[in-house]
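Here the structure is laid out as structure tokens; the discussion comes afterwards.
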Amino acid sequence: ADPACPRAGMNQTQVTEFVLLNFSHGRPFLFALFLAIYLATLLGNSAVLCLVCLDPHLHSPMYFFLSHLSCLDLCYSSVTVPKVLAGAARPEASISLGGCLAQALALMWCAGAECALLALMALDRCAAVCQPLRYARLLAPRTCRAAAAGCWLWGLLDSALHTALAARLSFCGPARLQHIFCDVPPLLGAACGDTRPNRLALHVCSALVGLGPFLLVLISYLCILATILRMPLATSRRKAFSTCSAHLLVVTLYFVAANLNYNRPSSGYSPAADTLVSVLFCIAIPMLNPLIYSLRNRQVWEALRRALRAGGTP
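Going by my numbering, the sequence shown opens with residue 90, and the numbers climb by one from there.
Structure follows, in structure tokens:
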């Protein structure tokens, strides 16, 4: 048997549909929990997206990038949560092979684009704090649009590569994915061909798409921290440090979860731990992002009050 394929030599019946991993206990509670998280994600990110688009006071590079983050988080949740809800609502949830590949493509597209966007947002904050006099020239509207488009393209190229490699594989019975939704790593686990090229591409791209942006984030926040420590007022330092530490915590959580999701350890693998990482990576963090990045911001609340006043005007 091929050492790169633990399923080699198994039943070679071609698979056209997968059965997803189900929740064995507490399905009604989990359904209610995931539905509440999904609705909160839709509400928070849609509110940020609408406010940034409609309020001229939020037409700045920082909020432009935040609107793209909200758009990505809406896509993240809408790609994954409906299938998770289906798995919690009934004893068995299934998905076609084509649907599974499409879901994996969309999920990796969002993941790659968000990694690049988080690095771009950190560089934006670094320029605003460390180079305030040059900020308007560095982050001109045309530059921001090109950078945001580059993030989406970066994610698309990464996801297209892995999905194309996965589409070349053969899948054999039993047609069961050890995952609550479709993604590239569980597809590799269900394949009965040689998956070494896929796994090599996954590890190399994880370093480029995940580790590279994370290092840029860390370097940017170190520069911001050095500037904060030189601020004359203690209250200004505390406020800036509180904001930056919250941002860095969520970014670190995202990159760690993404790394665990796409670079699973070969030993000590646990479907329960994998499910927890996936829920954190694809469901919980999209809900937290608007709370940490946008809804803690005074300008966003002022924009919301202006929108509510305008809506209540006869």
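Heads up, the beta-carbon is just placed ideally off N, CA and C, and yes, glycines get one too.
Ordered along the chain, which non-local residues of its own chain (more than five positions away) have a Cβ less than 7 Å from that of Glu-181? Here the set comprises Val-108 and Asn-111.
Quick one: using the 10 Å Cβ neighbour count with 16 as the cut-off for buried, is Phe-303 buried or exposed? buried
Beta-carbon proximity list for Pro-375, same chain, < 6 Å, skipping 5 on both sides: Thr-130, Asp-162, Tyr-165 and Ser-166
In the structure shown, what three-state DSSP assignment does Ala-280 receive? strand
Are the CB atoms of Leu-291 and Val-273 within a distance shorter than 9 Å? yes
Shortest alpha-carbon distance to Ile-269 belongs to which of Leu-365, Gln-388 and Arg-257? Per the Cα distances, Leu-365.
Gln-267 (DSSP reduced to helix, strand or coil): Residue state for Gln-267 is assigned as coil, using DSSP reduced to three classes.
Using DSSP with H/G/I as helix, E/B as strand and the rest coil, what is Glu-203? helix
DSSP three-state label for Glu-391, please. helix
In its own chain, which residues sit with a C-beta less than 6 Å from the C-beta of Ala-178, not counting the 5 before and 5 after it? Phe-120
In the DSSP assignment, the alpha helix (DSSP H) including Val-366 goes from what residue to what residue? 360-368 is the span of the alpha helix (DSSP H), which, as asked, contains Val-366.
8 Å contact criterion, which Ala-211 and Tyr-310 should meet: CB distance rounded: 6 Å
For a minimum of 4 consecutive residues, which ranges assigned as the alpha helix (DSSP H) are wholly contained in the stretch 285-340? 285-295 and 301-317
Indicate whether Asn-378 and Ser-159 have their beta-carbon atoms separated by less than 9 Å. In this structure, Ser-159 lies closer than 9 Å to Asn-378 by Cβ.
Taking contact to mean 3 or more Cβ pairs, one atom from each stretch, closer than 8 Å, check whether the stretch 249-261 and the stretch 166-176 are in contact. no
Restricting to runs no shorter than 3 residues, where is the beta strand (DSSP E) found entirely within the stretch 173-197? 183-185
Environment of Arg-319 [buried if 16+ CB atoms lie within 10 Å]: exposed
As assigned by DSSP and simplified to three states, the class of Phe-153: helix
So within the stretch 105-157, which uninterrupted beta strand (DSSP E) runs reach at least 3 residues, ignoring any that extend past its ends? 106-108
Exposure label - Glu-106; buried when at least 16 CB within 10 Å: exposed
With Leu-196 and Asp-213 assumed to form a contact (beta carbons below 8 Å), what rounded beta-carbon distance in angstroms separates them? Leu-196 to Asp-213, Cβ: 25 Å. No contact.
Could you tell me whether the Cβ of Ala-253 comes closer than 9 Å to any Cβ of chain C? Looking for chain C here will not work: only one protein chain is present.
Using only the heavy atoms of the ligand NAP, determine whether one of them is closer than 8 Å to the beta carbon of Gln-103. This structure lacks the ligand NAP; in fact it carries no ligand of any kind.
For Ala-255, report the span of its alpha helix (DSSP H) as first-last. Counting along the chain, the alpha helix (DSSP H) containing Ala-255 begins and ends at 230-256.
Pairwise C-alpha distance: Leu-342 and Ile-126: 18 Å
When DSSP builds the beta bridges, which residues end up paired with Cys-160? Per DSSP, none; premise fails for Cys-160.
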